[in-house]
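Read in order, the letters of the sequence shown correspond to residues 1 to 433 in UniProt numbering. Note that CB positions come from ideal geometry on N, CA and C, so glycine has one too. None of these values were measured; they are calculated from a predicted model. Worksheet: the structure to be examined is printed underneath.
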Amino acid sequence: MSKWTPATDAKNRGTLEFTVPQEEVKQGLKAAFEKNKDKIAVPGFRKGKVPMALFIQKFGEEALYQDVLDQVLPAIYEAAVLEAGINVVGRPGIAPVSMNKGEDWQLKAEVTVAPEIKLGEYLGLEVPAQDESVDDAAVEQELGQMRENQAELVLQEDGVKAEEGDTVVIDFDGSVDGEHFDGGQSKDYSLELGSGQFIPGFEEQLVGHEAGQEVDVKVTFPEEYQAKNLAGKEALFEVTIHEIKRKSLPDLDDEFAKDVDEDVETLAELKEKVQKRLADEKQAAAKDAFEDAAVNAVVDNAEVIGDEIPEAMLQEDIDNQTNQYLGQLQQQGISPEMFFKISGQTKEGLSAQFKEGADRRVKTGLVLDAVVKAENITPSDEEVNEEVKSLSEQYHVDEAQVRAALSDTLLKHDIAMRQAVEKIVSSAKAIQK
1 MSKWTPATDA
11 KNRGTLEFTV
21 PQEEVKQGLK
31 AAFEKNKDKI
41 AVPGFRKGKV
51 PMALFIQKFG
61 EEALYQDVLD
71 QVLPAIYEAA
81 VLEAGINVVG
91 RPGIAPVSMN
101 KGEDWQLKAE
111 VTVAPEIKLG
121 EYLGLEVPAQ
131 DESVDDAAVE
141 QELGQMRENQ
151 AELVLQEDGV
161 KAEEGDTVVI
171 DFDGSVDGEH
181 FDGGQSKDYS
191 LELGSGQFIP
201 GFEEQLVGHE
211 AGQEVDVKVT
221 FPEEYQAKNL
231 AGKEALFEVT
241 IHEIKRKSLP
251 DLDDEFAKDV
261 DEDVETLAEL
271 KEKVQKRLAD
281 EKQAAAKDAF
291 EDAAVNAVVD
301 NAEVIGDEIP
311 EAMLQEDIDN
321 QTNQYLGQLQ
331 QQGISPEMFF
341 KISGQTKEGL
351 SAQFKEGADR
361 RVKTGLVLDA
371 VVKAENITPS
381 DEEVNEEVKS
391 LSEQYHVDEA
401 QVRAALSDTL
411 LKHDIAMRQA
421 VEKIVSSAKA
431 IQK
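Structural data, given as structure tokens:
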């Protein structure tokens with residue numbers, strides 16, 4: 001049984017009082033004892049062989065209370081929140097009120113709750129139609145990029161002057177006020193002119209020079225340059241050009257088509273295949289854009305009661321975005337430590353980037369929750385089973401592992417949110433701009 005009491009001196013705060021039944025306490029005591037019995041040393045007994053009754057007699061069941069709480073609290077607290085009908089955000093501050101032996105335990109949690117949402121119009125909205133067409137220019141551009149990818153670098157003869165797009169092989173030695181600095185030297189470095197790899201102004205000064213020439217390149221490091229000792233300073237790079245290589249593009253013909261795609265025989269077939277792929281991509285992008293526009297319209301029409309989103313909700317969103325980003329990198333084999341070392345960022349700096357837009361993301365979630373409630377969207381157990389199966393296949397783990405990681409409550413919430421979006425989008429009317 002739970003009781004929710006809103007705070008009178010703070011918005012979106014309050015106290016949730018709830019009970020741990022004595023039967024749950026007894027079961028928790030048994031589980032806690034089983035968990036710890038191999039660590040218990042009592043004279044006359046080998047570890048793991050001490051009877052529970054003797055342990056209670058010698059140490060008191062209170063010695064197990066913390067482990068009991070750790071075991072039973074998550075489910076009891078979640079049930080109390082559901083019974084109270086509140087949407088808790090952030091970490092609760094849970095404290096015991098009474099934990100007397102032989103009685104139900106009484107606990108309380110100081111929590112932050114999500115603000116209420118007043119929905120505006122959310123069904124049958126007019127949303128700008130998205131362009132799904134793919135013209136010939138887009139196909140030609142894609143073929144041009146494919147030619148670029150197949151280009152060969154051809155060494156140029158003496159006397160040929162470097163142009164933007166050429167690759168030059170150079171030695172360089174940089175200095176500031178006559179002092180050479182770390183990282184300012186290299187030999188036989190391949191640099192594509194116009195690629196923007198180097199400091200602004202560096203590459204442009206090599207255009208028009210020939211192989212064998214020595215060029216003094218003068219540049220100024222940007223004020224926000226990562227090496228603070230060089231930021232904003234003028235530098236001189238002594239550059240020797242060894243070679244100039246120029247791209248040679250393949251002819252756009254049937255042979256080229258067969259080289260880039262073994263499933264086609266002619267350039268016409270390649271163009272048709274490229275056109276279909278681009279059309280599929282454009283259609284998918286248009287679908288996503290229409291969905292975003294419909295949901296954004298619903299969010300714009302809705303109002304946060306009190307016009308205030310709790311800081312705890314914003315911080316929770318920022319933390320989730322940060323951890324999700326790092327998790328995606330981890331799946332690609334890049335650990336957080338490696339990422340921070342390579343990028344020069346800190347976790348705090350990365351989190352700061354996700355602060356922008358947190359208000360909108362949180363409000364969107366609140367609005368979709370409100371739509372779920374207004375439409376009485378309740379995912380079935382069968383839909384939960386399908387979701388578990390889908391996640392199992394997506395992440396290549398057993399369904400049991402998915403069940404262990406995600407509660408039915410969380411799964412039903414995610415499904416309901418998707419169904420709310422589907423309801424909004426399916427009812428929206430596409431209008432031509």
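Annotation for Ala294: Leu125, Val127, Ile424, Val425, Ala428 place their beta carbon closer than 7 Å to its own, counting only its chain and skipping 5 residues before and after.
Residue state for Thr364 is assigned as helix, using DSSP reduced to three classes. Residue environment analysis places Met313 among the buried positions, since at least 16 neighbouring C-beta atoms fall within 10 angstroms of its C-beta. An exposed status is given to Pro200, since fewer than 16 other beta-carbon atoms sit within 10 Å of its beta-carbon.
Distance from the CA of Val97 to the CA of Lys11, rounded to the nearest whole angstrom, comes to 24 Å.
Look at the segment 174 to 231 and you find these whole runs of beta strand (DSSP E), each 3 residues long or longer: 179 to 192, 214 to 220.
Bridge pairing for Val154: Arg246 [DSSP].
Considering only Lys433, Glu393, Thr378, Leu366, the residue with the shortest C-alpha distance to Leu411 is Thr378. Between Gln130 and Ala289 a beta carbon distance of about 5 Å is seen, short of the 8 Å cut, so the two are scored as contacting. For Ile76, the CB contacts under 6 Å within the same chain, skipping 5 residues up- and downstream, are Val20 in chain order.
Apart from sequence neighbours up to five positions away, the residues of its chain that approach Ala80 with a beta-carbon distance below 7 Å are Ser2, Leu16, Phe18, ordered along the chain. With respect to Ile170, Gly212 sits apart: the two C-beta atoms are not nearer than 8 Å.
With fewer than three CB-CB distances shorter than 8 Å, the segment 183 to 202 does not count as touching the segment 252 to 259. By the CB criterion at 8 Å, Gln275 and Val402 fall outside the cutoff. In its chain, beyond the 5 residues on either side, Phe340 have a beta carbon closer than 8 Å to the beta carbon of Thr346.
Shown here, Ala41 sits in coil according to DSSP, grouped into three states, outside any helix or strand.
The beta carbon of Asp253 sits closer than 8 Å to the beta carbons of Leu267 from its chain, once the five residues preceding and following it are set aside; these are given in chain order. Taken through DSSP and simplified to helix, strand or coil, Ile431 comes out as strand. Listed in chain order, the alpha helix (DSSP H) elements of length 4 or more contained wholly in the segment 250 to 308 are 254 to 260, 267 to 301.
Under the 8 Å Cβ criterion, the segment 295 to 311 does not count as touching the segment 155 to 167, having fewer than three qualifying pairs.
The residue among Ala41, Val89, Phe33 with its C-alpha nearest the C-alpha of Glu62 is Phe33. The Cβ atoms of Phe181 and Leu236 do not sit closer than 8 Å to each other. By the neighbour-count definition (other C-beta atoms within 10 Å, threshold 16), Leu82 is an exposed residue. Relative to Ala370, the option among Asp70, Gly28, Glu121, Lys101 whose CA is nearest is Glu121.
Pairing Val239 with Phe172 gives a Cβ-Cβ distance under 8 Å. Of the other Cβ atoms in all chains shown, 16 or more fall within 10 Å of the Cβ of Asp317; this residue is therefore buried. Selection Glu393, Met338, Glu110, Ala302 evaluated against Val362 yields Ala302 as nearest (Cα-Cα). Assignment of Ile94 by DSSP, reduced to helix, strand and coil, places it in the strand class.
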